[in-house]
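Q: Counted the way the UniProt record's numbering counts, the sequence shown spans residues 1 to 350.
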Amino acid sequence: MKKIRNKNWKRRDVILLLERLELCISAGVTISSALEAALQGISKGHSGSLRQVYAMVQSGGSLSRALSQFTGMSATSVSLIQHGQKSGLLAKALGDARILLERQDELLKRCISALVYPLTIALFAGIITIGLMRGIMPQIIPLLKSLNVPLPFLTRLVMAVSEGLLSYGLVFVIGVLLIVFGAYWAYKKYQHFRYLYQRLLKAIPIIGRIIQDYSLAVFLRSAGTLVESGMSVILAYKNAVLVLPFLPLRNILEKGVIDITGGGSLSRVFSDKTIPGYITPIVSAGEASGTLGLCLIRAADILGRDIDHGLKRSTALLEPLMMAAMGCIVAAIAISIMLPIYDISRVLKH
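Set out below in structure tokens:
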């Protein structure tokens, strides 16, 4: 049988698969039968990769390894399922993995939803500006040039931009697309470039803070869920660090691996100045009370709420600023047209 490696499973698809497997395993069904049941309602695009999972399990392979290989499931979810198989608590592990992905998905959707309106305003502002520059200004520029009077700086600037868009608009678009695709290719291929790009994002006020806090919330929930499943703190910490896509935060947390392995306190890892100060006492309380997993998940919940509040404050601030910026652009174009006409009328009066 030809191997199909379908890595295009969306998070929602993985959640649905985990839910079906959890229900079947909880009912006492074997793993092979659970996979057969899951195949009945799977989409055609994913059936091939799920059949490979079934074939691998039938031949004696591990469910966690098969899911990782053919569905592109995250390392944290794979670790949970692997630990669940070893401990005999596979149904619980599948449920924990599903809940973990659901919480991450909810947080990501809230972040995206909060940014939709500002991005829409920015898009319309760009369309209006380009429309004025390419549609209206070219019709007015000949009139302004025929006035034979010194043109104000603002008028000359707007005319230069308009003529540039008309003459080199296609070159500009192609150049931007090449830069975007080139940067995307380098981002995917080179970790050093990815790190520099993420460091740049981190330096942006508000946005950088939200991105880092989101990544930290993902880490805390992943580590907490792994600890709650019965995994050792050291192994849970290492697995949670590995799945972090935000490299600046990963570098900070990777430094703590040596401390924890040497018997150090987990709470000390979060003493970095870029990490919210309330995380350390929550983790410290969890270590002291023996409820570290729950406290890590609780810290992730609190951080998620902080992200929500930060997004609401940011969008409340950005919306009027972007509207004002759009108004200023339109006003600048209108004023650049009116100034020469006003100068001529003033000369004629004299």
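Ideal Cβ positions, reconstructed from N, Cα and C, are used throughout, including at glycine.
In this text, all values refer to a predicted model and were calculated from it rather than measured experimentally.
Kindly list the residues whose CB is nearer than 8 Å to the CB of M90, restricted to its own chain and excluding five residues on each side of it in sequence; keep chain order.
A: This sequence places Leu at residue 90; Met is not what is there. Once the five neighbours on either side are set aside, the close Cβ partners of L90 are I25, I31, L63, I81 and G84.
Q: Considering Cα atoms alone, identify which of L339, L321, S77 and I337 is closest to L121.
A: The sequence given here has Ile at residue 121, not Leu. The residue with the shortest Cα to Cα distance from I121 is L321.
Q: Going by alpha carbons, who is nearest to P138 out of I127, L317, S167 and L119?
A: For P138, the closest of I127, L317, S167 and L119 by C-alpha to C-alpha distance is S167.
Q: Mark T261 as exposed unless 16 or more other C-beta atoms lie within 10 angstroms of its C-beta, in which case mark it buried.
A: exposed
Q: From this set, L18, K92, G126 and K109, which residue's C-alpha is nearest M323's C-alpha?
A: G126
Q: Could you compute how far the alpha carbon of L220 sits from the alpha carbon of R103?
A: Cα to Cα, L220 sits roughly 12 Å from R103.
Q: For the region 231-251 against the region 299-319, do three or more pairs of beta-carbon atoms, one drawn from each stretch, fall closer than 8 Å, so that the two count as touching?
A: no
Q: May I have the straight-line CA-CA distance separating G48 from S229, to the nearest angstrom?
A: 31 Å
Q: With a CB to CB cut of under 8 Å and the five nearest residues on each side skipped, what residues in its chain are close to residue 351?
A: Since the first residue shown for the chain is 1 and the last is 350, residue 351 is missing from the structure and cannot be characterised.
Q: Tell me whether S87 counts as near the ligand COA, meaning its Cβ is closer than 7 Å to at least one heavy atom of that ligand.
A: Among the components modelled here there is no ligand, and therefore nothing to report on the ligand COA.
Q: If we ignore side chains and look at the alpha-carbon of each, how far apart do M1 and R12 end up?
A: Bear in mind that the predicted position of M1 carries a pLDDT of just 43, short of 50, making it too unreliable to give a figure here.
Q: Could you spell out where the alpha helix (DSSP H) holding L235 opens and where it closes?
A: V233 to L242
Q: Measuring alpha carbon to alpha carbon, tell me which of K44, T274, Y184 and G310 ends up nearest A114.
A: G310
Q: In the UniProt domain "Type II secretion system protein GspF" (19-137), which residue ranges form an unbroken alpha helix (DSSP H) of at least 4 residues, counting only runs that do not cross its ends?
A: 31-40, 44-58, 63-71, 75-87 and 90-131
Q: Please go through the same chain and pick out, in chain order, the residues whose beta-carbon is closer than 8 Å to the beta-carbon of K255, but skip the five residues on each side of it.
A: V269
Q: Provide the residue span of the alpha helix (DSSP H) that contains K189, from first to last.
A: Per DSSP, K189 belongs to the alpha helix (DSSP H) from F153 to K189.
Q: For the region 193-207 and the region 243-255, state whether three or more C-beta atom pairs, one from each stretch, are separated by less than 8 Å.
A: yes
Q: With 16 as the cutoff for other CB atoms within 10 Å, does V14 come out buried or exposed?
A: buried
Q: Confirm, please, whether the CB-CB distance from S267 to T280 is below 8 Å.
A: yes
Q: Under the assumption that V243 contacts S74 (Cβ atoms under 8 Å), give the Cβ distance between them as a whole number of angstroms.
A: 6 Å
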